[in-house]
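There are 2 protein chains.
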Amino acid sequence: MNRGFSVNSNRPLLDRLGAVAESTLLIDGVQRRIDDFLAAQTSELDAITPELHDFVSRSGSLLAGGKRFRALFCYWGWASITEIPDPIDPMPAESPDPTAVIAAAAGLELFHAAALVHDDIMDSSDIRRGSPSRHRSFEQWHREQNWAGDAASYGRSSALLLGDLLLGWSDELIDEAVTEAGSRGRATRAEFNRMRNHVTYGQYLDILEEQAWRSAPEAEQLRRAHRVVVYKSAKYSVEAPLRIGAALAGASAQHLSSLSAYGLPLGIAFQLRDDLLGVFGDSAVTGKPTGDDLREGKRTMLIAFARRGLPGNARELLDELLGDPELSADQVYMLQSTIRESGALEKVEDLISKYVGEAKSAVDGAGLGIEATTELFRLADRATRRSF
Amino acid sequence: MNRGFSVNSNRPLLDRLGAVAESTLLIDGVQRRIDDFLAAQTSELDAITPELHDFVSRSGSLLAGGKRFRALFCYWGWASITEIPDPIDPMPAESPDPTAVIAAAAGLELFHAAALVHDDIMDSSDIRRGSPSRHRSFEQWHREQNWAGDAASYGRSSALLLGDLLLGWSDELIDEAVTEAGSRGRATRAEFNRMRNHVTYGQYLDILEEQAWRSAPEAEQLRRAHRVVVYKSAKYSVEAPLRIGAALAGASAQHLSSLSAYGLPLGIAFQLRDDLLGVFGDSAVTGKPTGDDLREGKRTMLIAFARRGLPGNARELLDELLGDPELSADQVYMLQSTIRESGALEKVEDLISKYVGEAKSAVDGAGLGIEATTELFRLADRATRRSF
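Residue numbers (my numbering), protein chains in the order written: chain D, 1 to 388; chain V, 1001 to 1388.
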C-alpha cells in the first residue's frame, strides 16, 4: 500500500482522520493480539486441569478494557520514526510491518494489568474500573464455592499469583516483539527492562512516602512527591512506551531524546490529572469511590501544594484526616473544600497546562513523522483533559 | 584447555573429584554473576535516590545462600550435552564457554528468590532460612524508623514489590543467556517461559488445594496432591533447570527427553523429602519452626497417605488440627506420631527410593556426557537424602 499519496494531499484533515482511524485499528489489533495470546495459554492450561481455567479467566475483564494509553504511545512512538521519509526512497511501495509494535503494545498492556492487580492488593482496593478488584473477585469466588479456610487470604494469594503470571506473559509478548525486530531488538529490550525497574522503584517510593513523609523536611515534600510522579507515572506511562516503540523502529539517539522531552512532562501532567481525579473525581468517571486517594493517604504534589498554602491549624487537620480509611462522605467533602481553598487545585491545573505545552513544543519540528506528531499533540490533550 | 585427557584416564576417581570441584566453581561463578548484576543495578538506583538502596539491599541475604540446586541442575544439564564427544573432533582444543549457562543459572536463582519472597507473603511465614522473611524484615525496618502508618502493611507491600523486581531481574539474566546462546536462544527461552508458567500454575493449585480439598472426592486426593508436586516442584526445581541448561547447549529432543525422565521423578522425590522435613524436620535443619507445614495445612502426598491409613476418628482429628496456625508443640508432636503410625512416613520413604532409582536409570546409558551423568547420580542422592 502506498500511503504517501493520501498523506501528502490535503494534509491537515486527512492526517487527523487517518490518525484517529489508525489508533482505532491499533487498539483493535492489540486486543486481538492479547486475545490470541490468552487463547494459546488457555488451551495449554486446559490440558493440565480445567481448575486453572477459573484462575486465569479472572484476568479477562482487566485485559479487555482501559484507555490503552500505553499501547497508543508505544505505537505512535514507533510511527513517529517509521513515518520519517527515507531520503533515498521517500515513497516506498509498502508500509512498514506493524507486527512487532503490536506485540510490544500488547505486552505493555499485560504488564499494566499485572501492575494493577498487585497495586490493588497493596492498597487493599475493593474496586477497579467499577468492578471488584481481582483479589476481591477471588475472595468472592471462594465464598461461592463454600471452601474451607480464609476467603480473604485465598483472594490475596490468588491475585498475587495472577499478577506474577501476567508479568511473565507481558515478557513473552515483549520477547516476541524483540525477536521480530531483529537487530533493533536489543535496544528495545533495554528500554523495556529500564521501564520495569523504574516503575517498581516508583511504586516503592510511593508507598514509602505514605509512611515516611512526616520524617522528611517540610521543604522537600514537593520534590519528593515529584520524584514519585516521575518514576511511577511519567516514565512508565508515557516516556517508556514511546521509547520502546521508537526503539523497535530503530530510532536515533536524537529522536529518542525528543520523545523523552515530550513524554516526561506529558507523563507528569497525566499523573497530576489523575491526582486531581483521585481527590475531586466523580466515581462514575474514575470507576473508584470518590475521594479514594484521600482515604489512602497518597502524598501527591496536590497535597504538597495544599499543605504549603494552608495555615497551621488547617494543615494539621489535613494531615490528621489524610489516610484514614474510614473517612465519611462529609469529611471527604470538607477535605476537598480545604484543598480547593488552599489554591492547590489552581496551581496543579496551571502546572498541567505548562507541562502539556512543554510536551508539545518538544516534538514540534523535531523531525518526527508528521502524522505521528499530529497524533502526539492530540494524545497530549486527551491524556490530560479535565473530566470532572 | 584439553580436558579429554584427564577424563579418559583413571575415570571413576577423577570424574568424581572433577565434578565436585566443577560444582564448587560453578556455585562461586553463579554467586559472582549475581553479585555483579546486583552491583550494576545498585549503582543505577543510587543515582535515583539512596532510599532505594534500603529497598533493594533487603534481597541480599536471600541471594547469597541456599543450596543452589536449580543452578546445579541447569549447569549439569548443559554439561551433559557439551560433554558428549563430537564424533569429528572428539578432543577439541577448547572447553565450551560457560558464560551463557552461568547467566541462566544466576537468572534461575533470582527467580527462585522472587518466588520465595512472594511465597512467604502468601503463607504469612515469619521465618526463611533461619532469618525473618522479607515482609517481616521490611516490617521491622518500618518500626525502627518510627514511621507513620501500618508497619505490617508496609512490610507486605514492599516485599511484594521486591519480588516483582526480582522477577524482572531474573528475566534480564535469562535474556543475557539467551542472547549469548545465539541460534539456541529461542529453545532456551521457550523452556524458561514454560517453567515460569508451570510453577505459577503449581503454586495456585497448591493454595487451591488448601481450600478446596474437602470438596474433592476422597479417592482423588492423592492424585491431586501429586499434581501439585509435579507442577510446583518437580518440573520447576529439577526438570526445567536441566532442560534450560541443555537447550543452551543445543540438546536433541531425545536427550531432552532423557533429562526429563530423570528430572521428573527426582523432582517428585525431592519434594517428598521436603514434605517429610516440613512435618518431621528439625528447625535447625529446615530454618523454619518444626511442624510448619502442619500449621499451614499443606495437603501433601504424605497427608493423603496418612488419611488413607488412619481409622475414621483419627482421620477426623487430623483434618481438624491440620491448618490451625495456633498448634502447640504438644499437638505438633501428637500429629507427627499419628502420621508415623498411619504408615505414611514409610510409604513416602519407599516412594522416594523408587523415584530416585527411576531417575538414575533414565540417564544411565542415555548417551549424555559421562562426567555429567556421574554428577547427576550424585545430585539425585544429595537432593533427596534423609537429614532429620
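Quick reminder that beta carbons are idealized off the backbone N, C-alpha and C, glycines included.
Point to revise | Backbone CA spacing between K67/D and Q31/D [nearest angstrom] | key: 12 angstroms
Review point. Who are the Cβ neighbours of N10/D in its own chain at under 7 angstroms, not counting the five residues just before and after it?
Key: Annotation note: pLDDT 39 at N10/D (below 50); position unreliable, no value reported.
Check your understanding: Comparing alpha-carbon positions, which option in H198/D, H255/D and A159/D lies nearest W78/D?
Key -> H255/D
Exercise for review: Would you decide whether T1024/V is buried or exposed? Buried here means 16 or more other CB atoms lie within 10 Å of its CB.
Suggested key: exposed
Review point. Hey, A159/D and I121/D: beta-carbon distance below 8 angstroms or not?
Key: yes
Review point. Can you name the residues of chain D whose CB is closer than 9 angstroms to the CB of W1141/V?
Key: The contacting residues do not exist; W1141/V stays about 10 angstroms from chain D at best.
**Study point:** Helix, strand or coil at S1131/V [DSSP, three-state]
**Key:** strand
Check your understanding: Of all Cβ atoms in chain D, is any one closer than 8 angstroms to the Cβ of E1210/V?
Key -> yes
Review point. Taking the C-alpha atoms as reference points, what is the distance between Q41/D and L327/D?
Key: 43 angstroms
Review point. DSSP three-state call for S1125/V: helix, strand or coil?
Key: coil
Practice item. Using a cut-off of 7 angstroms between C-beta atoms, extract the partners of F55/D located in chain V. Key: Y1204
Check your understanding: Which value, in whole angstroms, describes the spacing of the CA atoms of R186/D and G1149/V?
Key -> 42 angstroms
Practice item. Quick one: using the 10 Å Cβ neighbour count with 16 as the cut-off for buried, is A1362/V buried or exposed? Key: buried
Check your understanding: Secondary structure at W147/D, three-state DSSP: helix, strand or coil?
Key -> coil
Review point. What first and last residue would you give for the alpha helix (DSSP H) that runs through V279/D?
Key: A253 to F280
Review point. At least one CB of chain D closer than 8 angstroms to the CB of G1369/V: is that the case?
Key: no
Exercise for review: State the DSSP-derived secondary structure class of R58/D, mapped to helix, strand or coil.
Suggested key: coil
Point to revise | Coarse secondary structure for T1374/V, derived from DSSP in three states | key: helix
Review point. Within 8 angstroms (strictly less), CB to CB, does A1148/V reach chain D?
Key: yes
Check your understanding: Is there contact between the segment 240-247 of chain D and the segment 55-74 of chain D, where contact requires at least three CB pairs shorter than 8 angstroms?
Key -> yes
Practice item. Could you tell me whether the Cβ atoms of Y1262/V and L1376/V are closer together than 8 angstroms? Key: yes
Check your understanding: Near G4/D, what residues of its chain come up, given a Cβ to Cβ distance below 6 angstroms and the 5 sequence neighbours on each side ignored?
Key -> Annotation note: pLDDT 32 at G4/D (below 50); position unreliable, coordinate value reported separately. For G4/D, where only same-chain residues beyond five positions count, the Cβ hits under 6 angstroms are M91.
Check your understanding: Between L1302/V and D1275/V, which are expected to be in contact by the criterion C-beta below 8 angstroms, what is the C-beta distance as a whole number of angstroms?
Key -> 5 angstroms
Review point. Using the C-alpha atoms, what's the distance from R189/D back to H226/D?
Key: 27 angstroms
Review point. Grouping DSSP H, G and I as helix and E and B as strand, with all else coil, what is M1091/V?
Key: coil
Point to revise | Nearest to L161/D (by Cα), restricted to the options R184/D, D36/D, Y204/D and F55/D | key: F55/D
Review point. Using the rule of at least 16 other Cβ atoms within 10 Å of the residue's Cβ for burial, across every protein chain shown, is Q140/D buried or exposed?
Key: exposed
Exercise for review: Report whether the distance from the Cβ of P1217/V to the nearest heavy atom of the ligand PLP is below 7 angstroms.
Suggested key: Ligands are entirely absent from the displayed structure, and the ligand PLP is therefore not among its contents.
Check your understanding: Given that R1032/V touches chain D, what residues does it touch there, using C-beta distances under 9 angstroms?
Key -> Result: empty, since nearest Cβ-Cβ is about 21 angstroms, beyond 9 angstroms.
Check your understanding: Roughly how many angstroms separate the alpha carbons of S1257/V and G1369/V, rounded to a whole number?
Key -> 15 angstroms
Review point. Should D86/D go down as buried or exposed, given a rule of 16 or more other Cβ atoms within 10 Å for buried?
Key: exposed
Review point. From S125/D to V117/D, what does the alpha carbon distance come to, in whole angstroms?
Key: 10 angstroms
Review point. Given 8 angstroms as the limit, is there contact between the segment 188-205 of chain D and the segment 213-222 of chain D, that is, 3 or more CB pairs closer than that?
Key: no
Review point. Would you say G1267/V reaches chain D, if we count a Cβ-Cβ gap shorter than 8 angstroms as a contact?
Key: no
**Study point:** Three CB pairs or more closer than 8 angstroms across the segment 380-387 of chain D and the segment 350-362 of chain D
**Key:** yes
Check your understanding: Thinking C-alpha only, which one of Y1236/V, P1132/V, V1178/V and G1155/V is nearest R1143/V?
Key -> G1155/V
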